[in-house]
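Chains as they are written, first to last, in my numbering: chain A, 1 to 343; chain B, 1 to 343. Using N, Cα and C, we set each Cβ at its ideal position, and we do this for glycine too. Contents: one structure, followed by commentary.
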DNA sequence: TCTAATTAGAAAAACGATTAACTTTGGAGA
DNA sequence: TCTCCAAAGTTAATCGTTTTTCTAATTAGA
């Protein structure tokens, strides 16, 4: 064990209460006494034991971040922003991966609640988050819960996500304006967010009176693997099938970064010229999209900003009276179309 | 607050001690009594409060992972492997970013020790880790400390890292075998690991009787930024300078993934043909190295495996008698050369 | 049948802080 | 001079567990 407040008290010749008050400024302490305490702290290299403090104060200074799929570096970026914001107030994020499995997600949330985190950020795997009602029942103190990236049903709370429908709409409109009419849509998996993007895709087509062809819409399986394995995952196979059976397709809109890895790998292996043979655009920006030849146009989000915003909301909520009826924030962050060489 | 062991005890009509013993199998409990306890637990949806338990037991079930630079997704991969291994035994990693700053690293380690983590994994920013001697002094119970990726001086402990010297040697030998003689070396920053790679580079040159030209060796600054910003960071500028002032250079060996982002961005912007105008090889493999045209050859490590190995060592150490004198493991994991189109 | 050993459970101490409730002292105001 | 209040401490309760120690009851051995 380390040195405790008791030994500090003994060395300083005061009671533990006085040490605590001196250190936390919770009660007036004579300058002379304070000096004795501070000296003792320095001499003993004392640091408070956070477990004892947290147990007593009923808090943990931890924020759980339950991530749908840590394979997706997109979430790491959110985490970066979140961490940056939390550390400013002495809080820490604790990540856990749901691997795109609802059952794991539920376990994760349960686990986090059991660890008595002070707030929870959830990037849900599925739409239905009603399990939260069950998990939270019977709790006296309610904790802030912020959803990011995907909008759940069955449980309402603060929410931060991109203008997915509009972003996809804008991207597909660009492809249409360039003259493309046979445009395919790929997604790494079907979830509420992907659905919004798909809607944007369809709306754009409809606006140009292009019929929606279900054969052009391909959604991958939800297994969670490393990015390297994604190169030849389900999106890769779907892309290969589509390009072989539907050579009339002239453009692809990829619904997210993971799908792009598979689809673009396929395009490369088939030695298709981009954008001449096939135009390409993706949702989500990444540093490597400028390393490809040609560089890849994208509908960009700012995930780090999502993380910082989530942190802001958490501290707002933490400051509020937990009993007060609260209006949930549903924040939509605008996407930005970044045109490069691929379309 | 949530329901505590007290209420379980009351409902089951036993003492808290009995509840604890029944739940932890630390003492024999009559089947009938146990059933009453289990029923009460179920009815109240009771879960132990980990802070109370940890306070009492003097452990935290957390492993601190102090990362040199979380911008580098390489460390996220280590973290993935580590988390996977730790979760199997009910432990959790807690990440913190040192942003390539020694002072931040020291604060982070101090912070982690104060949080009473049960073990520490450190990917150090600097060679000199003697500060640990100071931070650890006066602790009764010593905790396992595992270094990954970079070998420190001033404090000896378990260590896991790649065969950096050999990996770089092998890569540069390949370039030499292909006929290149003017080979540049880029690194994102100078640290012990980069130094090992640089040595491998030099040894290969020497073996071919090629003099080492200091003008061909460029090391970036150590600031920590996002991968997107890295595209035009110090490695980018160094590459631009070198390619303009030393057109005789025909091949580049990049010392790590971050440097590659900058260097390759420059190559692309200059519209140089790879490998005809300039051959390219990098240390560290990434999924996007096959998305570029041409695909990029790499000296691959398996960072996830590093994480798992670190976890294994931690549990070994935790099982050992902490007083026993221990032999520190210095594990070197072999790299693998993956040849693609860039050289 | 009596003693010793075993078993099952309860009581209480401990972990290391915070904090509410007391004590003591000194000074101000009437 | 007396009362009251504020300041600066101390004592003790508390958070929710685990674990040591204690007690009572049962069992085993002779």
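What's the gap between the Cα of residue i and the Cα of residue j?
| i | j | result |
| --- | --- | --- |
| residue 169 of chain A | residue 200 of chain A | 4 Å |
| residue 176 of chain A | residue 185 of chain A | 13 Å |
| residue 85 of chain A | residue 121 of chain A | 13 Å |
| residue 207 of chain B | residue 116 of chain A | 60 Å |
| residue 243 of chain B | residue 252 of chain B | 10 Å |
| residue 194 of chain A | residue 9 of chain A | 59 Å |
| residue 274 of chain A | residue 293 of chain B | 12 Å |
| residue 192 of chain A | residue 151 of chain A | 6 Å |
| residue 336 of chain B | residue 282 of chain B | 12 Å |
| residue 305 of chain A | residue 226 of chain B | 13 Å |
| residue 179 of chain B | residue 278 of chain B | 12 Å |
| residue 286 of chain A | residue 29 of chain B | 58 Å |
| residue 314 of chain A | residue 94 of chain A | 14 Å |
| residue 46 of chain B | residue 24 of chain B | 14 Å |
| residue 325 of chain B | residue 142 of chain B | 12 Å |
| residue 132 of chain A | residue 156 of chain A | 10 Å |
| residue 202 of chain B | residue 144 of chain A | 56 Å |
| residue 320 of chain A | residue 60 of chain A | 18 Å |
| residue 259 of chain B | residue 240 of chain B | 13 Å |
| residue 213 of chain B | residue 238 of chain B | 15 Å |
| residue 235 of chain A | residue 222 of chain A | 10 Å |
Between residue i and residue j, how many whole angstroms is the CB-CB distance? I'm expecting something under 8 Å.
| i | j | result |
| --- | --- | --- |
| residue 92 of chain A | residue 62 of chain A | 5 Å |
| residue 148 of chain A | residue 105 of chain A | Contact flag wrong, Cβ pair sits at about 14 Å. |
| residue 163 of chain B | residue 127 of chain B | Not confirmed; about 18 Å, so no contact. |
| residue 265 of chain A | residue 291 of chain B | 7 Å |
| residue 204 of chain A | residue 249 of chain A | Going by Cβ atoms, the distance from residue 204 of chain A to residue 249 of chain A rounds to 16 Å, so no, they are not a contact pair. |
| residue 34 of chain A | residue 22 of chain A | 5 Å |
| residue 219 of chain B | residue 187 of chain B | 5 Å |
| residue 329 of chain A | residue 118 of chain A | Not really, about 18 Å apart at Cβ, beyond 8 Å. |
For chain B, find out if any of its Cβ atoms is closer than 8 Å to the Cβ of residue i; answer yes or no.
| i | result |
| --- | --- |
| residue 52 of chain A | yes |
| residue 104 of chain A | no |
| residue 256 of chain A | no |
| residue 114 of chain A | yes |
| residue 287 of chain A | yes |
| residue 261 of chain A | yes |
| residue 227 of chain A | yes |
| residue 2 of chain A | yes |
| residue 238 of chain A | no |
| residue 73 of chain A | yes |
Step through the CB atoms of chain A and report whether any lies within less than 8 Å of the CB of residue i.
| i | result |
| --- | --- |
| residue 69 of chain B | no |
| residue 194 of chain B | no |
| residue 291 of chain B | yes |
| residue 55 of chain B | yes |
| residue 230 of chain B | yes |
| residue 94 of chain B | yes |
| residue 21 of chain B | no |
| residue 265 of chain B | yes |
| residue 76 of chain B | yes |
| residue 47 of chain B | yes |
| residue 273 of chain B | no |
How would you label residue i, buried or exposed, when you count the other beta carbons within 10 angstroms and need 16 or more for buried?
| i | result |
| --- | --- |
| residue 26 of chain A | exposed |
| residue 56 of chain A | exposed |
| residue 301 of chain B | buried |
| residue 280 of chain B | buried |
| residue 134 of chain A | exposed |
| residue 271 of chain B | exposed |
| residue 297 of chain B | buried |
| residue 12 of chain B | buried |
| residue 339 of chain A | exposed |
| residue 32 of chain B | exposed |
| residue 276 of chain A | exposed |
| residue 215 of chain A | exposed |
| residue 344 of chain B | The shown model of chain B, from 1 to 343, leaves out residue 344 of chain B, and the question about it has no answer. |
Would you say the beta carbon of residue i is closer than 7 Å to some non-hydrogen atom of the ligand SAM?
| i | result |
| --- | --- |
| residue 108 of chain B | This structure does not include the ligand SAM; it has no bound ligands of any sort. |
- For the stretch 183-265 of chain B, which segments carrying the beta strand (DSSP E) assignment without a break, of at least 3 residues, lie completely within its bounds, in sequence order? 183-187, 217-219, 251-254
- Completely contained alpha helix (DSSP H) runs for the stretch 86-122 of chain B, where each covers 4 or more residues: Complete alpha helix (DSSP H) runs here, min 4: 102-114.
- Item | Those runs of the alpha helix (DSSP H) which lie wholly inside the stretch 20-72 of chain B and span at least 4 residues | You should have 31-44, 50-57.
- Let me know the beta strand (DSSP E) ranges lying completely inside the stretch 293-328 of chain B, each 3 residues or longer, listed in chain order. Whole beta strand (DSSP E) segments, 3+ residues: 297-300.
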